[in-house]
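Just below is one structure, and these are the notes that go with it.
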Amino acid sequence: MDENKIEQAAKLIKNAKYAVVFTGAGISVESGIPPFRGEDGLWNKYDPSILELGYFHSHPKEAWTVIKEIFYDFMGKSKPNPAHISVANLEKAGYVKAVITQNIDNLHQEAGSKEVYEFHGTVRNLLCLQCGKKHPAADISLEKLPPVCPECGGMLKPDFIFFSEQIPEKASHLSFQAAEKSDVMLLIGTTGEVMPAGFIPHRAKETGATIIEVNLVESAHTRSVTDIYLQGKAGEIMPELERQILS
Ligand code: NAD
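In the numbering used here, the protein residues as written are 2 to 248.
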């Protein structure tokens with residue numbers, strides 16, 4: 002851990018008027034949730050076509066069997082790690098105004114973050130493809146697949162976006178608005194390769210924000226927008242950053 006750089010980052014966040022956190026799959030790796038890509042990525046074990054809308058409609062039972070295994074049996078048991086908790090503590094203390102996340106795992110909210118914009122949706126709800134109603138996933142049995150809407154009998158789909166689906170309008174609007182308002186943006190565990198989410202730090206930078214990045218390895222952002230790069234595990238760097246900001 003580079004103490005000088007952490008100190009510099011802590012000062013920037015402490016003095017910021019509107020600091021925003023932007024997270025990717027890397028912040029949840031220490032909660033036991035693998036990212037999609039890379040050596041231990043989910044796509045080395047599963048076929049990504051389960052998240053293609055066409056496949057989902059033509060093979061709902063097969064798609065749902067894998068979706069249940071990854072996103073409900075496995076992800077559903079994960080708990081927030083020290084990085085999620087530090088982000089929540091910094092919001093509670095008034096230093097972080099909003100969290101924009103590409104993650105769908107609900108761990109920021111479980112850690113106590115309140116102002117969370119879920120750019121890719123969430124596992125928390127299931128959406129009826131027939132009547133459009135959303136149901137808490139916890140209220141729907143996944144014993145028989147695919148699950149159906151208790152009100153109209155239509156097929157339910159997780160309320161996160163599949164490949165080539167539109168970004169939820171409200172989350173997109175709030176995310177870009179927060180990026181434009183931010184004077185400091187803290188990126189945690191994201192490759193910057195998933196678009197349009199990857200444009201968010203660029204928007205923040207163009208509108209005057211200083212960009213701090215936490216990642217194990219350099220990302221597409223490190224070379225393009227990052228001002229201070231903190232290399233290491235989010236679960237180790239974030240508690241240290243929190244300690245320095247709150248001390
Ligand atoms: P990614 O999977 O493309 O990359 C993860 C990034 O995190 C990499 O840059 C990696 O170096 C970094 N990283 C890994 N472990 C880390 C650690 N302990 N500390 C700090 N950094 C670490 O992630 P992405 O850029 O977010 O894009 C993947 C997309 O897949 C996302 O948009 C998201 O919707 C989805 N996804 C979500 C989850 C989740 O909800 N937890 C999990 C997998 C994928």
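Every residue, glycine too, gets a C-beta built ideally from N, C-alpha and C. Only a predicted model underlies this, so the values are computations on that prediction, with no experimental measurement involved.
Proximity test, residue i beta-carbon vs ligand 1 heavy atom, cut-off 8 Å
i, result
"residue 194", "yes"
"residue 104", "yes"
"residue 31", "yes"
"residue 217", "yes"
"residue 189", "yes"
"residue 69", "no"
"residue 15", "no"
"residue 156", "no"
"residue 113", "no"
"residue 55", "no"
"residue 224", "no"
"residue 176", "no"
"residue 25", "yes"
"residue 168", "no"
"residue 43", "yes"
"residue 161", "yes"
Under the three-state DSSP convention, the category residue i falls into
i, result
"residue 86", "helix"
"residue 2", "coil"
"residue 224", "helix"
"residue 72", "helix"
"residue 151", "coil"
"residue 174", "helix"
"residue 232", "strand"
"residue 112", "helix"
"residue 53", "strand"
"residue 159", "strand"
"residue 99", "strand"
"residue 20", "strand"
"residue 204", "helix"
"residue 46", "coil"
"residue 121", "coil"
"residue 80", "coil"
"residue 240", "helix"
"residue 191", "coil"
"residue 135", "strand"
Residue i vs residue j beta-carbon contact at 9 Å
i, j, result
"residue 127", "residue 157", "yes"
"residue 23", "residue 151", "no"
"residue 184", "residue 18", "yes"
"residue 76", "residue 48", "no"
"residue 245", "residue 92", "no"
"residue 252", "residue 81", "There is simply no residue 252 to check, as the chain begins at 2 and stops at 248 in what is shown."
"residue 27", "residue 217", "yes"
"residue 54", "residue 68", "no"
"residue 223", "residue 38", "no"
"residue 73", "residue 20", "no"
"residue 101", "residue 50", "no"
CB-CB length for residue i against residue j, believed under 8 Å
i, j, result
"residue 235", "residue 31", "7 Å"
"residue 6", "residue 231", "6 Å"
"residue 124", "residue 159", "6 Å"
Rounded C-alpha distance that separates residue i from residue j
i, j, result
"residue 112", "residue 86", "5 Å"
"residue 171", "residue 162", "14 Å"
"residue 194", "residue 219", "12 Å"
"residue 1", "residue 33", "For the chain, the structure presents residues 2 to 248; residue 1 sits outside this window and is missing."
"residue 94", "residue 45", "40 Å"
"residue 60", "residue 90", "43 Å"
"residue 114", "residue 64", "31 Å"
"residue 154", "residue 139", "18 Å"
"residue 166", "residue 197", "11 Å"
"residue 214", "residue 103", "15 Å"
"residue 2", "residue 62", "46 Å"
"residue 190", "residue 25", "5 Å"
"residue 66", "residue 169", "25 Å"
"residue 148", "residue 135", "13 Å"
"residue 56", "residue 130", "15 Å"
Residue i CB to nearest heavy atom of ligand 3 below 8 Å
i, result
"residue 75", "As for ligand 3, it is missing from this structure, which binds only ligand 1."
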